[in-house]
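Novice:
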Amino acid sequence: MVTELPVADGSRVNDPLAVWEGGGIRVSGHALPEVLAVVPVSALALGGGLQPMAGRWVRHGGAALFTPRFPVVAGSGYAVVGRVDARQPWIELARLDRPSVRLERRTVVDRIDPGGSEVPANLLRFSVTFSDAMEEGSAAGHLSLLDAEGVELPGALLGMPPELWDRERRRLTVLLEPGRIKRGLQPNVQAGPPLEEGDTVTLAVDARLRDVSGAKLLAGVRRTYRVGAPVRSRVDPALWEVRWPASAGDALVVRFDRPLDRALVRRCLIVVDEGGHPVPGEADLDAAATSWTFRPASGVWAPALSAPALSAPALLASSLSVDTRLEDLAGNSVRRVFDRDLSLEGSDDSVAPGTLILRSDGSVRTSSPDV
Numbered sequence: 552m553v554t555e556l557p558v559a560d561g562s563r564v565n566d567p568l569a570v571w572e573g574g575g576i577r578v579s580g581h582a583l584p585e586v587l588a589v590v591p592v593s594a595l596a597l598g599g600g601l602q603p604m605a606g607r608w609v610r611h612g613g614a615a616l617f618t619p620r621f622p623v624v625a626g627s628g629y630a631v632v633g634r635v636d637a638r639q640p641w642i643e644l645a646r647l648d649r650p651s652v653r654l655e656r657r658t659v660v661d662r663i664d665p666g667g668s669e670v671p672a673n674l675l676r677f678s679v680t681f682s683d684a685m686e687e688g689s690a691a692g693h694l695s696l697l698d699a700e701g702v703e704l705p706g707a708l709l710g711m712p713p714e715l716w717d718r719e720r721r722r723l724t725v726l727l728e729p730g731r732i733k734r735g736l737q738p739n740v741q742a743g744p745p746l747e748e749g750d751t752v753t754l755a756v757d758a759r760l761r762d763v764s765g766a767k768l769l770a771g772v773r774r775t776y777r778v779g780a781p782v783r784s785r786v787d788p789a790l791w792e793v794r795w796p797a798s799a800g801d802a803l804v805v806r807f808d809r810p811l812d813r814a815l816v817r818r819c820l821i822v823v824d825e826g827g828h829p830v831p832g833e834a835d836l837d838a839a840a841t842s843w844t845f846r847p848a849s850g851v852w853a854p855a856l857s858a859p860a861l862s863a864p865a866l867l868a869s870s871l872s873v874d875t876r877l878e879d880l881a882g883n884s885v886r887r888v889f890d891r892d893l894s895l896e897g898s899d900d901s902v903a904p905g906t907l908i909l910r911s912d913g914s915v916r917t918s919s920p921d922v
């Protein structure tokens, strides 16, 4: 409740002045009440107890400066209220508006992954990459998965929060409901899988999603996929087509047997020298995440020190390191299958965590992590 109340010494607050000072509010006037607070103007009409904004008050002479803990909202009105003590109702002392700021809409969706036209029926995740850092905490409700008629598929996406952003807050990972993907779990039994083979689905990103400045996206974006058969086998580097460079100017080219997770490819595939150190260079992954190329920064591939002079193919000093955490679109990794049928004997073909080292002579070495 807000009323007009005399202050402790019997006088009244004489037309207190409230002005913006930086990101805070400075209040000045004769005989300001002992207890001061700032609330949104909209809260005054609700009645009942007021919830003061979080922040810090500092008094100096006949003035008081309020610094809010969180930024105020542009285009909103605020009221300064006061009271003698906690037993008395609040007095409204002054109102002021935070001017609206014209926000430039410039952030766009750079890409949506998977980047191909087809996804497995047991797809685990999408990812959306933006051109600029995004506002955290506002993604829920602005991303949806639609069926062929444009109707949202209920419960297909895992609820947010938490929001799964990268460190730069430019790439958002959007999970499908894992409990509906794994066979035998109650969500799967009760609601069925999120996707069905043969369907067409669309991931929609709403333009109302905001960037770090508070501005909406320049435009909403949609990406449509065909739903293919589920994939329930480990990622096996032995099935990849690896083309080692035949001359100094050639690139190392790796063609996968299936689309892989873009973010994990960047972290889990590394070209290393004979000492196991990363070789400086430029890696590139195609749009569908099925082909990966690497060129050394020096432009030259060094031969292995132990290579015979006329060995064919030439044994290079560089090898390809594959972290076993590398996953495909369905969450199957080099280590294990995401959704395996535990009732089948011999269905567990998991391998130990670590790294596979692929050499140019076709040999493969396993490196276990340090314990």
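Position in the sequence shown (first residue = 1) + 551 = this note's numbering.
Where a beta carbon is used, it is the ideal one built from N, C-alpha and C, also for glycine.
This structure is a prediction, so every number in the text was calculated from the model and none was measured.
(1) State the beta-bridge partners of SER651 as determined by DSSP.
(2) Quick one: using the 10 Å Cβ neighbour count with 16 as the cut-off for buried, is GLU572 buried or exposed?
(3) Nearest-angstrom Cα distance between ARG891 and SER784?
(4) According to DSSP, which residues form a beta bridge with LEU723?
(5) Would you say the beta carbon of LEU871 is closer than 8 Å to some non-hydrogen atom of the ligand ZN?
(6) Can the beta-carbon of ILE732 be found less than 9 Å from the beta-carbon of LEU768?
(7) Cα separation between TRP641 and VAL632?
(8) When you compare each of LEU644, ARG638, ALA594 to ILE576 by their alpha carbons, which one comes out closest?
(9) Would SER678 pass as a contact of LEU723 if the rule is Cβ separation under 9 Å?
(10) Along the chain, where does the alpha helix (DSSP H) that runs through ARG813 open and close?
(11) Beta-carbon separation of GLY832 and VAL822 under 9 Å?
(12) Within the same chain, show all residues whose beta-carbon is closer than 8 Å to that of VAL756, passing over the 5 residues directly before and after it, in chain order.
(13) Figure out for me which residue from GLN602, HIS581, GLY612 has the closest Cα to the Cα of VAL589.
(14) Tell me the rounded alpha-carbon separation between ARG790 and GLY626.
(15) Do the stretch 798-810 and the stretch 841-852 touch if we need at least three Cβ pairs shorter than 8 Å?
(16) Just to confirm, are ARG646 and GLY667 a CB contact at a threshold of 9 Å?
(17) Within 8 Å, do at least three Cβ pairs link the stretch 897-914 to the stretch 693-707?
(18) What first and last residue would you give for the beta strand (DSSP E) that runs through VAL756?
(19) For LEU803, tell me which candidate among GLY882, THR775, LEU871, LEU760 has the shortest Cα-Cα distance.
(20) In angstroms with no decimal places, state the Cα-to-Cα distance between ILE908 and VAL670.
(21) Using 9 Å as the threshold, is the C-beta distance between GLY743 and GLN737 below it?
(22) What does the alpha-carbon distance come out to for the pair GLY706 and ARG620?
(23) Give the single residue among GLY882, VAL888, VAL592 whose Cα lies nearest to the Cα of LEU815.
(24) Roughly how many whole angstroms lie between the Cα atoms of ARG777 and PRO712?
(25) Please state the DSSP three-state secondary structure of LEU836.
(26) DSSP on SER862, reduced to helix/strand/coil?
(27) Residues in the same chain with beta-carbon distance under 7 Å from SER919, minus the five sequence neighbours each way, listed in chain order, please.
(28) Under 7 Å Cβ to Cβ from TRP852, same chain only, skipping five residues before and after it: list those, please.
(29) Look up GLY701 in the DSSP assignment and say whether it is helix, strand or coil.
(30) Taking a contact to mean a Cβ-Cβ separation below 9 Å, would you say GLY606 touches GLY580 in this structure?
(31) Reducing DSSP to helix, strand and coil, say where ARG783 ends up.
(32) For LEU654, I'd like the list of residues in its chain whose CB is within less than 7 Å of its CB, leaving aside the five on either flank, ordered along the chain.
(33) Using CA coordinates, which residue listed in ASN739, GLU703, ASP879, SER689 is at the minimum distance from LEU715?
(34) Are the beta-carbon atoms of LEU583 and ALA630 separated by less than 9 Å?
(35) Between which two residues does the alpha helix (DSSP H) holding PRO738 run?
(36) Is LEU790 helix, strand or coil when you go by DSSP?
Specialist: To lay it out plainly:
(1) Counting from one through the sequence shown, the residue named residue 651 turns up at place 100. SER651 pairs with nothing; no bridge assigned.
(2) Mapped onto the sequence shown, residue 572 falls at position 21. By the neighbour-count rule (16 or more Cβ atoms within 10 Å), GLU572 is not buried but exposed.
(3) In the sequence shown, the residue the question calls residue 891 occupies position 340. In the sequence shown, the residue the question calls residue 784 occupies position 233. So the two alpha carbons sit approximately 8 Å from each other.
(4) The sequence position of residue 723 within the sequence shown is 172, counting from 1. DSSP, once it has assigned bridges, lists VAL679, TRP716 as partnering LEU723.
(5) In the structure on display, the ligand ZN does not appear, and there are no ligands present to speak of.
(6) Here residue 732 refers to the residue found at position 181 when the sequence shown is read from its first residue. Here residue 768 refers to the residue found at position 217 when the sequence shown is read from its first residue. It is not a contact, given that the beta carbons lie outside the stated cut-off.
(7) Start at 1 with the first residue of the sequence shown, and residue 641 comes out as number 90. Start at 1 with the first residue of the sequence shown, and residue 632 comes out as number 81. Using only the alpha carbons, I get a separation of about 6 Å.
(8) Within the sequence shown, residue 576 is the residue found at index 25, counting from 1. Ranking LEU644, ARG638, ALA594 by Cα distance to ILE576 puts LEU644 first.
(9) As a working mapping, residue 678 is identified with position 127 in the sequence shown. As a working mapping, residue 723 is identified with position 172 in the sequence shown. Yes; because the gap between Cβ atoms is below 9 Å, this pair is in contact.
(10) Here residue 813 is taken as the residue at index 262 of the sequence shown, counted from 1. 813-819 is the span of the alpha helix (DSSP H), which, as asked, contains ARG813.
(11) For the purposes of this step, residue 832 is taken as residue 281 along the sequence shown, with counting starting at 1. For the purposes of this step, residue 822 is taken as residue 271 along the sequence shown, with counting starting at 1. Closer than 9 Å, so yes.
(12) The residue you call residue 756 lines up with position 205 of the sequence shown. Only VAL660, ILE663, VAL679, HIS693, LEU694, LEU768, GLY771, VAL772, ARG773 meet the Cβ criterion.
(13) Here residue 589 is taken as the residue at index 38 of the sequence shown, counted from 1. Per the Cα distances, GLN602.
(14) One-based indexing of the sequence shown puts residue 790 at position 239. One-based indexing of the sequence shown puts residue 626 at position 75. Per the sequence shown, the amino acid found at residue 790 is Leu instead of Arg. About 59 Å.
(15) yes
(16) Within the sequence shown, residue 646 is the residue found at index 95, counting from 1. Within the sequence shown, residue 667 is the residue found at index 116, counting from 1. No.
(17) no
(18) Within the sequence shown, numbered from 1, the residue matching residue 756 stands at position 205. It spans 751-756 - the beta strand (DSSP E) in which VAL756 sits, taken as one unbroken run.
(19) Position 252 of the sequence shown holds residue 803. Cα-wise, what sits closest to LEU803 is LEU871.
(20) Here residue 908 refers to the residue found at position 357 when the sequence shown is read from its first residue. Here residue 670 refers to the residue found at position 119 when the sequence shown is read from its first residue. Between ILE908 and VAL670, the C-alpha separation is close to 29 Å.
(21) In the sequence shown, counting from the first residue as 1, residue 743 sits at position 192. In the sequence shown, counting from the first residue as 1, residue 737 sits at position 186. No, the pair does not count as a contact, with Cβ atoms beyond the cut-off.
(22) On the sequence shown, position 155 is the one that residue 706 refers to. On the sequence shown, position 69 is the one that residue 620 refers to. Those two C-alpha atoms are separated by around 35 Å.
(23) Stepping through the sequence shown from its first residue, residue 815 is reached at position 264. Nearest option by C-alpha distance: GLY882.
(24) Residue 777 sits at position 226 when you count from the first residue of the sequence shown. Residue 712 sits at position 161 when you count from the first residue of the sequence shown. The alpha-carbon atoms of ARG777 and PRO712 are separated by roughly 28 Å.
(25) Translated into positions along the sequence shown, residue 836 becomes position 285. Of the three classes helix, strand and coil, the one that applies to LEU836 here is strand, per DSSP.
(26) As a first step, residue 862 must be located in the sequence shown, where it is residue number 311. Model confidence at SER862 stands at a pLDDT of 44, short of 50, so the residue's coordinates are unreliable; what they give is reported in the following sentence. SER862: coil per DSSP, three-state reduction.
(27) Residue 919 sits at position 368 when you count from the first residue of the sequence shown. Answer for SER919: ALA903, GLY905, listed in chain order.
(28) By one-based count along the sequence shown, residue 852 stands at place 301. If we look at TRP852 and ignore the five residues flanking it on each side, its Cβ neighbours are PRO796, ALA799, LEU867, SER869.
(29) Position 150 of the sequence shown, counted from the start, is the residue given in the question as residue 701. Of the three classes helix, strand and coil, the one that applies to GLY701 here is coil, per DSSP.
(30) Here residue 606 corresponds to residue number 55 of the sequence shown, with the count starting at 1. Here residue 580 corresponds to residue number 29 of the sequence shown, with the count starting at 1. Going by C-beta atoms, GLY606 is not nearer than 9 Å to GLY580.
(31) By 1-based counting over the sequence shown, the position of residue 783 is 232. In the structure shown, ARG783 sits in coil (DSSP, three-state: anything other than H, G, I, E or B).
(32) As a first step, residue 654 is located in the sequence shown; it is residue number 103 there, counting from the start. If we look at LEU654 and ignore the five residues flanking it on each side, its Cβ neighbours are SER764, GLY765, ALA766.
(33) Walking along the sequence shown from the start, residue 715 turns up at place 164. Ranking ASN739, GLU703, ASP879, SER689 by Cα distance to LEU715 puts SER689 first.
(34) Indexing the sequence shown from 1 puts residue 583 at position 32. Indexing the sequence shown from 1 puts residue 630 at position 79. Not in contact: LEU583 and ALA630 (Cβ atoms no closer than 9 Å).
(35) The count along the sequence shown starts at 1 and reaches residue 738 at position 187. Where PRO738 is concerned, the enclosing alpha helix (DSSP H) stretches over 737-742.
(36) The count along the sequence shown starts at 1 and reaches residue 790 at position 239. Helix, per DSSP.
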